[in-house]
Every structure is written in C-alpha cells, then in structure tokens.
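*Asks:* Residue numbers (this note's numbering): -6 to 596.
(1) Going straight from the alpha carbon of residue 557 to that of residue 209, what length do you get?
(2) How long is the line joining the alpha carbons of residue 114 and residue 174, rounded to whole angstroms?
(3) Going by the beta-carbon positions, is the gap between residue 254 and residue 279 smaller than 8 Å?
(4) Going by Cα to Cα distance, which pick from 194, 493, 508 is closest to residue 550?
(5) Inspect the CB distances between the stretch 413 to 433 and the stretch 458 to 467 and report whether three or more fall short of 8 Å.
(6) From the DSSP output, in three-state form, read off residue 131 for me.
(7) Please list the terminal residues of the continuous beta strand (DSSP E) segment that includes residue 72.
(8) Please list, in chain order, all residues of the same chain as residue 399 whose beta carbon is under 6 Å from its beta carbon, the five residues on each side excluded.
(9) Residue 78 lies in the beta strand (DSSP E); which residues open and close that run?
(10) Give the DSSP-derived three-state secondary structure of residue 220 in the structure shown.
(11) Thinking C-alpha only, which one of 283, 297, 307 is nearest residue 271?
(12) Any contact of the stretch 237 to 251 with the stretch 297 to 315, i.e. 3+ C-beta pairs under 8 Å?
(13) Could you check the C-alpha separation between residue 10 and residue 68 for me, to the nearest Å?
(14) Using only alpha-carbon positions, find the residue among 475, 195, 229 that is nearest to residue 520.
(15) If you pair each beta-carbon of the stretch 221 to 228 with each one of the stretch 330 to 344, do three or more pairs fall below 8 Å?
(16) Looking at the strands, I want to know which residues DSSP matches up with residue 555.
(17) Can you tell me which of 438, 261, 303 puts its alpha carbon nearest to the alpha carbon of residue 350?
(18) Buried or exposed: where does residue 499 fall if 16 or more other Cβ atoms within 10 Å of its Cβ makes it buried?
(19) Could you pull out every unbroken alpha helix (DSSP H) segment of at least 4 residues lying fully inside the stretch 240 to 272, listed in chain order?
(20) Kindly list the residues whose CB is nearer than 7 Å to the CB of residue 554, restricted to its own chain and excluding five residues on each side of it in sequence; keep chain order.
(21) Going by the beta-carbon positions, is the gap between residue 277 and residue 528 smaller than 8 Å?
(22) Can you tell me which of 213, 268, 260, 269 puts its alpha carbon nearest to the alpha carbon of residue 247?
(23) Per DSSP, residue 115 forms a beta bridge with which residues?
(24) Would you say the stretch 488 to 496 touches the stretch 441 to 455, given that touching needs at least three Cβ pairs under 8 Å?
(25) Identify, in the order they occur along the chain, each residue of the same chain with its Cβ nearer than 7 Å to the Cβ of residue 127, setting aside the five sequence neighbours on each side.
(26) For chain D, find out if any of its Cβ atoms is closer than 8 Å to the Cβ of residue 311; answer yes or no.
(27) Does the beta-carbon of residue 250 have 16 or more other beta-carbons within 10 angstroms, so that it is buried, or is it exposed?
(28) Under the assumption that residue 102 contacts residue 140 (Cβ atoms under 8 Å), give the Cβ distance between them as a whole number of angstroms.
(29) For residue 609 and residue 231, I'd like the C-alpha separation in whole angstroms.
(30) Specify the secondary structure class of residue 626 as computed by DSSP and reduced to three states.
(31) State the Cα-Cα distance for the pair residue 157 and residue 78, rounded to the nearest angstrom.
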C-alpha cells in the first residue's frame, strides 16, 4: 500500500466532500491597467510580474504600476479571456481585472487547487466556446466549480507526487532545448564559408515561383481533391509529409494553378509567424502553393537538400534583413530575399554537408531516434547488420519464381532453390494471403467511437466500435506522399481485433518470422519503381505483387529476424531519447494526476 493509500484509508476512507471554489479559497483583487500603459512600464529587471489577457506577461517596477494590488503569497491565476488557462505563481505579481486569482492560508492547499483546476481546464475552455471571436468565461464559472477537498495530509502527498513529475519533465525539456541549440551551433558552423566557398544569391539557386488560392466558392476545385496545396499552416515541419488541403485537377486546369515538382523548397513570405520565425520546408512530393508561399526549384548544380539546409540555417538572418516594416500582416520584401547571398560549394562538398546535416536534423527532430551520440552509433550498427543480413550473394542471375503451378510442387521447387543457392526471389503473392477484399473504408462522420484501432496508410487514424480483422497481419501503405517521403515505415505489423480502410494492403503470413522478415525488408529498400501516380503516389496490388523478395530457408529467416529484432529492441530502448522520455513522463504524470484527483464524493 502506497503512502497515499494509507493516508486516504486513515483520513477519508468513505470519500471526501466536494465544495465550490468560492467557499474554500480567497479571491484576490487585480489591477486596472491599459495595454498602452503596460508598454510604457515594461522592463527587463522588474520585480513585479503582470499577467494580462491571453499569454501577455510583462515585468515592471512596483512604483510604475498605477493603483497596484500586489499579491505576495502563492496563488492560482485563472486566465479567463483569450487563451483560457490556469497558472500557479509564488513571487509578487498582479493581474488585469478581467482575470482572477485565488489563495489560501496553506501553500499546499493552493497548489492542490492549481492541480485540480489544471486537470479540468477543458471544462473552462468548453464554457468559453461560442462566446464570440475571443473566448471568455465569467467569474461564476470558476466560483461555482466544485472540487474535492480531502484532508490537508492527503492534499500534501498528492502535491508532492505531482510536483516530482513536473520537475522531472521540466529538467528533460531543458536538456532537449540545450541539445537543439547544440545542433544549431554545428549547423551554423558547417554553413559558415569563411571565404572558402563562392557566394550566390538565393535567386541564382534556381527558379522561384509564387502561388494562389483557387476560388473557395467553387466546390469542384476542392471536393475530393488529391493534389497537395501548401499554405502557412502546413509549414510547421521541416520536411512535409502531406498538406492539410488538396485541390482537384479541375482547379489546376481552370484556375491555372502550377504543379511544382518534388524535391522543392517552400518558404513563407506573408504570415503572422514571421514576427519571430522564418518557416522553411523541404517538399518531397509534387505540390501547388498559395499566395503566401514561395517555392524554389533548384538548378541542376544545386542539391535540393543543400538548398533547404542553407536557407533554413540562414533563416534568422534572412528574416532580420528582409522583413518589411509596418503593415497589417507580417511579410518579407522578396526582392531582398532573392538578393540574399549564401555559400555554394561544389556538388561533392554539398553532398557531404547534406549527409551530416540530415543526420543532425533527424537526431534532433525524430522522436524515435532522440539525441545522444550512443543512439546514433547503435542506429548505424543496426543498419549495418540489417543491410548485411538482408543482402544475399547471388549465384548467376536472380531467381524469381512466379509460375502458376501446384502449390506443393512450387514449395518443393522453392526449397530446392533455397538449398542450392541459399535463397530464392519470391513475390508477395507466393508467400502471403492478400486480404484486401475484406477492407472497408468508413468516413469519419459515420464512424462509431470504440476500442478497436482503425488503420490507414501510415498507422492508427481512429478507434471504432467494431472490427473486421482478428489476428496478425502486415499492412503496407497503398497510397499517400509517404510512399516517396518515407518519413514513417510503409510496412508495419498489427495484431488483434482491428479495422483497416482501403489505404493499406492487408497481408497474412504463416509465421511471425516470415511476416517480420518481409516487413523489415520492405522498409529497407527503394520501392519507387513500383509506385505510380504523380501528385498522389500509389502502390497498387498489381505492382505490390511484382516486388521480388530474397527469401532464405526457414532457419535462416528465423536467424535474421532474431538478430534484427534484438537490435531493434536495443535501438528503440536507446532511441527513445529525451523527447520520448518527456512524452512518457507527461503521460505518466497525467495518469497519476487523474488518478490522484479522483475521489468518491461523500453521500
């Protein structure tokens, strides 16, 4: 029995009372202050923090704050307008009257209130919905909120446990931020020419173009569109896997939209995000763009990934030197952007830089790899053994068995070929059962929420109340930009009861080892020659069945899978790194927070 269990058993075995916030805590007074005055008094060394609407927070000297009501005790602040949230603060502060704060005689009780309200912040956000363009909640919503009030001893243990999770997450987040700064340092160092490389303007890297928005009123331009259309909201990732919006071929033809080739570089030139960031993204698929985006198709003497890295690496300087002053929406003077010069070494040097920078970028951004140097070393070791074990020495030409003969005769022939040559090239229709006909797509509006995973091309996209498959299967992406981008595996195993839509092929194998072997092999080779379609890549069943896979005998398959599984486990354990650790700690924190703050109410 944990200490908390013991305390609950001792102090509140039959439950705890629930009371309104206003009946337990003391509401504090704020300070009337205008936005204009806040701009006048803000300073870097102010001893008083002022909380305003949304996320506006400044520091100021107490003498400069008119009619100040300074809170000098720990308190919980409810941000009631704009961004609805809850804040715990222990140092001297004040706040605008449109917000409110609460305190109590005991610090533990105040911190307990914070955790309870933070755990229920969605309740307040729901109450603010439908209240106009700027979300806002009334004082009554908070005052009348009923919360559990266990004895102080129980509150103290809950606060102690949740504080420990919060501290650990904060430490890991700080470490992650430090690692990202380290990456930026090395990136900047690698891209510093020091006079060694010729300088070229961004205009000389290739052809720059702009885009536009097809008429939103014309439904035929947007309904069931398959052609990616990039807008500022898509530019949150350094390498895009898809876009939120898609247009139709009719839109391309009638609205005269240009479809740009894969491996282009997109930049944002007009958006509020330019206040602090210059978004740059590598686009590995054909796409169209809107009027706030410019796209670069590089010349043949420039590697697309190098152009991406050098523009992203110089992003802060480009933003500082080309941003327009004034205007209702932040934007860049694109002529100045085109004139900005960057180092352009030879293709061989570009290639080496891209290799290093791509590794850095992956280490820092991929949650499955993480940051430590040992992770990178283990990953390389895993890839070495994977490639070694999946590469078989051929004797003579490749042997592909694709004759439509009796199953037993064919199996005997395969065994003989494997015995003589060590392996045989087999297509998927010879070694698996295709279950594509059992798939059933269900639109989001018609899905009934439940416990069974609903799979698409790249993994789980929803949970539904029924299932159509029950067992162990290998799913292979049928369509989507990821077939070329390969940002996530295109082959992945699933088990148990589930539902699969028509965006993933479903294959069933006789053994785990063969299924896993095929999964690893497909994720390790280039499948571009089997993929059709330009704007919307597709791996149809006919082409899927053309993929020839080198299959050794059963014992060697088991041997290969056993070794790779052990490496995979080792790499995954190591490769969770800091981002995954933060995510795990956050989930653990949320689990305990929900558990710790759930009480049976006294009758």
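Cβ atoms here follow ideal geometry from the backbone N, Cα and C, with glycine treated the same way.
*Replies:* To lay it out plainly:
(1) Taking the chain shown and counting its residues from 1, the one referred to as residue 557 is at position 564. Taking the chain shown and counting its residues from 1, the one referred to as residue 209 is at position 216. Using only the alpha carbons, I get a separation of about 50 Å.
(2) On the chain shown, position 121 is the one that residue 114 refers to. On the chain shown, position 181 is the one that residue 174 refers to. Distance between the alpha carbons of residue 114 and residue 174: 32 Å.
(3) One-based indexing of the chain shown puts residue 254 at position 261. One-based indexing of the chain shown puts residue 279 at position 286. Yes. Within cutoff.
(4) Numbered from 1 along the chain shown, position 557 holds the residue referred to as residue 550. When each option's Cα is compared against that of residue 550, the closest is 508.
(5) yes
(6) In the chain shown, residue 131 corresponds to position 138, counting from 1. Residue 131: coil per DSSP, three-state reduction.
(7) Residue mapping note: residue 72 aligns to position 79 of the chain shown, counting from 1. Residues 68 to 72.
(8) The residue given as residue 399 occupies position 406 in the chain shown. Bear in mind that the predicted position of residue 399 carries a pLDDT of just 44, short of 50, making it unreliable; the figure below should be weighed with that in mind. Correct list: empty, nothing qualifies.
(9) Reading the chain shown from its first residue, position 85 is the one you call residue 78. Its beta strand (DSSP E) spans residues 78 to 82.
(10) Within the chain shown, the letter at position 227 stands for residue 220. Strand at residue 220.
(11) Counting from one through the chain shown, the residue named residue 271 turns up at place 278. Ranking the options by Cα distance to residue 271, first place goes to 307.
(12) no
(13) Position 17 of the chain shown holds residue 10. Position 75 of the chain shown holds residue 68. Looking at the two C-alpha atoms, the distance is approximately 22 Å.
(14) The count along the chain shown starts at 1 and reaches residue 520 at position 527. Answer by Cα proximity: 475.
(15) no
(16) Position 562 of the chain shown, counted from the first residue, corresponds to residue 555. Partner(s): none; residue 555 has no beta bridge.
(17) Working through the chain shown from its first residue, we reach residue 350 at position 357. When only C-alpha atoms are compared, the closest one is 303.
(18) Translated into positions along the chain shown, residue 499 becomes position 506. Residue 499 comes out buried.
(19) 242 to 247
(20) Locating residue 554 in the chain shown gives position 561, counting from the first residue. Excluding residues within five positions, the ones whose Cβ falls inside 7 Å are 506, 509, 510.
(21) As a first step, residue 277 is located in the chain shown; it is residue number 284 there, counting from the start. As a first step, residue 528 is located in the chain shown; it is residue number 535 there, counting from the start. Cβ atoms of residue 277 and residue 528: not closer than 8 Å.
(22) Within the chain shown, numbered from 1, the residue matching residue 247 stands at position 254. Selected option, being the one with the closest Cα: 213.
(23) Working through the chain shown from its first residue, we reach residue 115 at position 122. Paired residues: none, contrary to the question.
(24) yes
(25) Position 134 of the chain shown, counting from 1, holds the residue named residue 127. Excluding residues within five positions, the ones whose Cβ falls inside 7 Å are 74, 75.
(26) Among the protein chains of the structure shown there is no chain D, as only one such chain exists.
(27) Within the chain shown, residue 250 is the residue found at index 257, counting from 1. It counts as buried.
(28) Sequence index remark: in the chain shown, residue 102 carries index 109 (1-based). Sequence index remark: in the chain shown, residue 140 carries index 147 (1-based). About 11 Å; that fails the 8 Å criterion.
(29) Any property of residue 609 remains undetermined from this structure, which presents the chain solely from -6 to 596.
(30) Because the chain is modelled from -6 through 596, residue 626 falls outside the range shown and cannot be assessed.
(31) Taking the chain shown and counting its residues from 1, one reaches residue 157 at position 164. Taking the chain shown and counting its residues from 1, one reaches residue 78 at position 85. One C-alpha to the other measures close to 21 Å.
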